Structures are given as C-alpha cells and as structure tokens.
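Numbering (UniProt numbering), first residue to last: 1 to 314. No residue lacks a Cβ here, since even glycine has one placed at the ideal position from N, Cα and C. Model, not experiment: these values are computed from the prediction.
Encoded structure:
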C-alpha cells in the first residue's frame, strides 16, 4: 500500500496509464507510437548526453545569506511538507530476492508513471486552448534562470527547445525505451532470482534477467531526464499550478521518493541534482532524508538548517 502513496496522493492515476505494463510476465499490448513528424526533432537513436549541454553556475550558490531574494517558494519549510510522513527508504531498497536489474526496471516504470501524472497538469489545455507550460511561459527547457537543457536533434546537434516540446520528445524517448523488448525484456522465462546464481566473470546489472549490457546506462539517462522534468516543475510551475491546486505536498512526496530511489540505486550523481540541491539540503535537515540514505550524504545539512531558520523567522 505504501508503494502507491505518490500516485494515490496525486489523485490522477486512474485517468493515466502507461502505454505498456512493464512487469515480468505482462503481455505486450503494442509498441508505443514512434516519434513521427511532430516537433522540430526526433528523439535521438542513442541516449542524450548524461549532462545538460548548457549549464551555468547556480544562482543560489554560497551561504544562504548571500542568495538573491525572494527565495523560491518551495524552499520555505511550510511549502516543503509531504502529504504523508514516513521513511521512503523502505520503498527504494531492493528486496534481497529480486534481481538488481528487475528492481531498477520496476523503479523506472513506477517513477515514470507517477511523474507523468504531474506533467499532465501543465500540459492539459485550458478552456482557452492554452496549456500552462507553453512557448510563451517556458521558451526553453530550464530549471531556474541558470540551468537550461538542450535536446539532440536527428543530426545529433544540440538545439534549444521550449520546455513543452522538450518534455514531449523526452516522454516519447523514454516510452520507446521502455516498450523496446530488447532493452526491457518481458519474457517471464528470463527471470532469475538474485540469490539463485553467482555473478559471472562477464557480468552486468540485469544480465541474469535478460537485460542488455547498456541497460543500466539507459536507465541512468532516463532518471536524469526525469530529474530535469521535476526540476522544471519546481522552478517554473511550483506556484502555478501545483501550489494553487493544493498539489504541492503530493509533488514533494513523489520527488523526495524519486531522489531517494535514484541515489540509493546510483542512478543519479551529486552533480546531476545541482538545480534542486537546496531542497535536498532542507529535507536532509528536517529529517525527510534519513542519515543512512545516500541522499543525506549529498546534502549540506548546515545549509538546510539555515533554510529552516529563515522559514521560522518569516
């Protein structure tokens, strides 16, 4: 039941479904549609680079006292609360009897499904036919003023796209990988339990369950791309629409679970999470991230405590 906390909290799961169930033994209902001709470019044949093509230093670097005001609303402790209390570490830790590749594949699908419930909120059209995230409001894919991301077009050239188009292309790229049985095999005959076989000399994560050598690298890229979407949601859309729709606690809950999972499974590194580092600092300081978690080790706890003091004084 706890595993469904994020989806249930958001209240949109029943109206959203992944194009294909990705659980061992699930039948294929058909491959996700290809990129087609929509948008200025197609998702690349190979994963995008592991980092943004254009990144400037964070505008909220250094001591908290030197950060430009006002601080983002999501750094106020009152706005950084969760819809439930509990240790999401229990949801991220791999059961001993589950093969590592199987667990990572499961986490990819679950977090992808949850994240796109939030994306639907900013991509659904209003009565006037406009979306909250559009070419005017978000002319580029960014996480604040000093972190922007480019996409590789079919010629593998880095191009700057409006956030709406970037996220749409990324969604297709991720769905294409998840629906590819050569990357995410679904044959139940390939299942093996972690305790049943010893590592081979030429081993890799997921080998014993039929996942290819490049599986882990693809999953890391998927998690990095999903992180970029979360970062955009916080920096550019936290107040409108999530706070105004009383969804900020749901967003916080799902993002903290995402960060704990990504760091626990080594799918995101410290440098990957820079745009959201202050929030991670805050959550480490307020106990959201337990000291034994890798997310906690990535945090500047003292800086998080300063943020808590600022919230208390406000």
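Please confirm whether residue 249 and residue 81 have their CB atoms less than 8 Å apart.
In the chain shown, counting from the first residue as 1, residue 249 sits at position 249. In the chain shown, counting from the first residue as 1, residue 81 sits at position 81. Cβ atoms of residue 249 and residue 81: closer than 8 Å.
Residue ranges of each beta strand (DSSP E) run of no fewer than 3 residues wholly in the stretch 96-124, ordered along the chain?
none
Determine the DSSP secondary structure at residue 263, reduced to helix, strand or coil.
By 1-based counting over the chain shown, the position of residue 263 is 263. In the structure shown, residue 263 sits in a helix (DSSP, three-state: H, G or I).
Sufficient close CB pairs (3 or more, under 8 Å) joining the stretch 279-293 to the stretch 124-140
no
Skipping 5 residues on each side, what residues in its chain have a beta carbon closer than 6 Å to that of residue 76?
Translated into the one-based positions of the chain shown, residue 76 becomes position 76. Closer than 6 Å at the Cβ level, and outside the excluded window around residue 76, lie 311.
Length of the line joining the Cα atoms of residue 206 and residue 69
Working through the chain shown from its first residue, we reach residue 206 at position 206. Working through the chain shown from its first residue, we reach residue 69 at position 69. In a straight line, the C-alpha of residue 206 is about 46 Å away from that of residue 69.
At a cut of 8 Å, does the stretch 145-164 reach the stretch 211-218 through at least three beta carbon pairs?
no
For the alpha helix (DSSP H) that residue 236 lies in, which residues bound it at each end?
In the chain shown, the residue the question calls residue 236 occupies position 236. Residues 215-237.
When the Cα atoms are used, what is the spatial distance from residue 116 to residue 238?
To locate residue 116, count along the chain shown from 1; it is residue 116. To locate residue 238, count along the chain shown from 1; it is residue 238. Those two C-alpha atoms are separated by around 15 Å.
Going by C-alpha distance, which of 171, 167, 213 is nearest residue 184?
The sequence position of residue 184 within the chain shown is 184, counting from 1. For residue 184, the nearest C-alpha among the options comes from 213.
Residues near residue 57 in its chain [Cβ-Cβ closer than 6 Å; skip 5 each side]:
Working through the chain shown from its first residue, we reach residue 57 at position 57. Residue confidence for residue 57 is low, a pLDDT of 36 falling below 50, so the modelled location carries little weight and cannot support an answer.
Rounded straight-line distance, which links the Cα of residue 105 to that of residue 308:
For the purposes of this step, residue 308 is taken as residue 308 along the chain shown, with counting starting at 1. For the purposes of this step, residue 105 is taken as residue 105 along the chain shown, with counting starting at 1. If you take the alpha carbons of residue 308 and residue 105, they lie about 36 Å apart.
Reduced DSSP secondary structure (H/G/I, E/B, other) of residue 67:
Taking the chain shown and counting its residues from 1, one reaches residue 67 at position 67. Of the three classes helix, strand and coil, the one that applies to residue 67 here is coil, per DSSP.
Buried or exposed, going by whether 16 or more other CB atoms sit within 10 Å of the CB of residue 162?
By one-based count along the chain shown, residue 162 stands at place 162. By the 10 Å Cβ count, residue 162 comes out buried.
To which residues of the same chain is residue 174 closer than 7 Å at the C-beta, ignoring the five residues directly before and after it?
Taking the first residue of the chain shown as position 1, residue 174 is located at position 174. Excluding positions up to five away in sequence, the list reads 112, 222, 225.
Give me the residue from 263, 255, 291 with the minimum Cα distance to residue 279.
Here residue 279 refers to the residue found at position 279 when the chain shown is read from its first residue. Considering only alpha carbons, the answer is 255.
In whole angstroms, what separates the C-alpha of residue 109 from that of residue 179?
Translated into positions along the chain shown, residue 109 becomes position 109. Translated into positions along the chain shown, residue 179 becomes position 179. Straight-line Cα distance between these residues: approximately 10 Å.
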